[in-house]
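Heads up, the sequence shown is in full-length UniProt numbering, so the first residue is 1 and it goes up one at a time.
The beta-carbon is built from N, C-alpha and C at its ideal position, and this holds for glycine as well.
In this text, all values refer to a predicted model and were calculated from it rather than measured experimentally.
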Amino acid sequence: MDEKDLEIEETSPGDEAVRKVKKKKKVNAEKRGVCHVSRVPPRMDHVKLRQVLSQLGEIQRIYLVPEAAAAQMNRKRAGGFRGQAFSEGWVEFTKKSVAKRVANMLNGQQMGGRKRSSFYYDIWNVKYLSKIKWDDVTDEIAQRHAVREQKLALELSAAKRERDFYLTQVDKSRALSSIEERMKKKQKVQQESGVISDFPSDQFAPKVIRQFPQKKPVADQAGKIKPSLSKDILAGVFGGQ
């Protein structure tokens, strides 16, 4: 089998079809345009947003960012919409020209529609993202998720350390209180029974000061004694005369 036969086997019809499909997808992706919706009104979801915008052009994909848990809790406490709300979103149109036209047409305008609609008086906040593809959007979303998960992990770790420190201090306080209570009970029992306490005696007994008789220094007495000669020496001296 020569090299030409190997090349024919390596480039099978299936591989060629896959390459054509990939190339076509890449070309189509280059033609598409992405718009960013910086504010999604309450009660509006993927279905309603697609229903409204599809009247202006063909839509390929939509992604809406769910509202943060804290914001959702505050909204529910205030008596607002209790369903799932979204903070922002991206819309991919099949053509760049359509995406740009939709953004220029809607941005800053009242949503309108039926007056009974819950977002009739809301304002469109739509911007065309030049040179941005859907892959860039997915990368941005993934990065946001990673940052949020990292931040959440740090907050949980800090909360766990704080909780462990608090529990440790509580255990120490309980142990000291228990020791103090036992000592008080023991002292009370000893006082009632007349038993001497086990505490060291130097903590309660008065200090004893001992006094010893002082002798006068030898040097002081030596200075006061007058020098004298014995009688034998004096007799010899005078007898010799």
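| query | Would DSSP call Ile179 helix, strand or coil? | reply | Position 179 of the sequence shown, counted from the start, is the residue given in the question as residue 179. DSSP places Ile179 in helix when its eight states are reduced to three.
| Would you report the Cα separation of Glu88 and Ile141, rounded to the nearest angstrom? | As a first step, residue 88 must be located in the sequence shown, where it is residue number 88. As a first step, residue 141 must be located in the sequence shown, where it is residue number 141. Their Cα atoms are separated by approximately 11 Å.
| Would the beta-carbon of Lys31 fall within 8 Å of that of Lys95? | One-based indexing of the sequence shown puts residue 31 at position 31. One-based indexing of the sequence shown puts residue 95 at position 95. In this structure, Lys95 lies closer than 8 Å to Lys31 by Cβ.
| request: Measuring alpha carbon to alpha carbon, tell me which of Arg116, Tyr120, Ala99 and Glu67 ends up nearest Gln109. | output: Here residue 109 is taken as the residue at index 109 of the sequence shown, counted from 1. Gln109 has its Cα closest to that of Tyr120, out of Arg116, Tyr120, Ala99 and Glu67.
| For Lys127, which of Gly112, Gly79 and Asn104 has the nearest alpha-carbon? | Within the sequence shown, residue 127 is the residue found at index 127, counting from 1. From the listed residues Gly112, Gly79 and Asn104, the smallest Cα separation to Lys127 is found for Asn104.
| message | Here's the rule: buried if 16 or more other CB atoms are within 10 angstroms of the residue's CB, otherwise exposed. What is Phe165? | response | Along the sequence shown, read from residue 1 onward, the residue named residue 165 stands at position 165. Per the 10 Å Cβ criterion, exposed.
| request: Find the nearest neighbour of His36 within the set Met183, Ala99, Ala69 and Glu181, judged by alpha-carbon distance. | output: Indexing the sequence shown from 1 puts residue 36 at position 36. Among Met183, Ala99, Ala69 and Glu181, the Cα nearest to that of His36 is on Ala99.
| field | Buried versus exposed, by CB contacts within 10 Å (16 or more), Lys167 | value | Residue mapping note: residue 167 aligns to position 167 of the sequence shown, counting from 1. Per the sequence shown, residue 167 should be read as Leu rather than Lys. By the neighbour-count rule (16 or more Cβ atoms within 10 Å), Leu167 is not buried but exposed.
| said: By DSSP's criteria, Trp90 is part of a beta bridge. Which residues make up the other side? | reply: Taking the first residue of the sequence shown as 1, we reach residue 90 at position 90. As DSSP reads the structure, Trp90 sits in a beta bridge with His36 and Tyr63.
| With distances taken between CB atoms, is the gap from Leu129 to Val52 smaller than 8 Å? | On the sequence shown, position 129 is the one that residue 129 refers to. On the sequence shown, position 52 is the one that residue 52 refers to. Their beta carbons are not under 8 Å apart, which means Leu129 does not touch Val52 by this criterion.
| Through-space distance from Ala153 to Asp136, alpha-carbon basis | Counting from one through the sequence shown, the residue named residue 136 turns up at place 136. Counting from one through the sequence shown, the residue named residue 153 turns up at place 153. Roughly 26 Å between the two C-alpha positions.
| message | Measuring only the C-alpha atoms, how far is Asp171 from Gln72? | response | Position 171 of the sequence shown holds residue 171. Position 72 of the sequence shown holds residue 72. Roughly 38 Å between the two C-alpha positions.
| field | Proximity of Phe86 and Ile59 at Cβ, strictly below 8 Å | value | Here residue 86 corresponds to residue number 86 of the sequence shown, with the count starting at 1. Here residue 59 corresponds to residue number 59 of the sequence shown, with the count starting at 1. If you check the CB distance, Phe86 and Ile59 do not come in under 8 Å.
| Nearest-angstrom Cβ-Cβ length linking Arg39 and Asn125, presumed shorter than 8 Å | Locating residue 39 in the sequence shown gives position 39, where the first residue counts as 1. Locating residue 125 in the sequence shown gives position 125, where the first residue counts as 1. That belief holds up - the Cβ atoms of Arg39 and Asn125 are roughly 4 Å apart, short of 8 Å.
| Per DSSP, which one or two residues make a beta bridge with Tyr128? | Counting from 1 along the sequence shown, the entry for residue 128 is found at position 128. Answer is Cys35, bridged to Tyr128.
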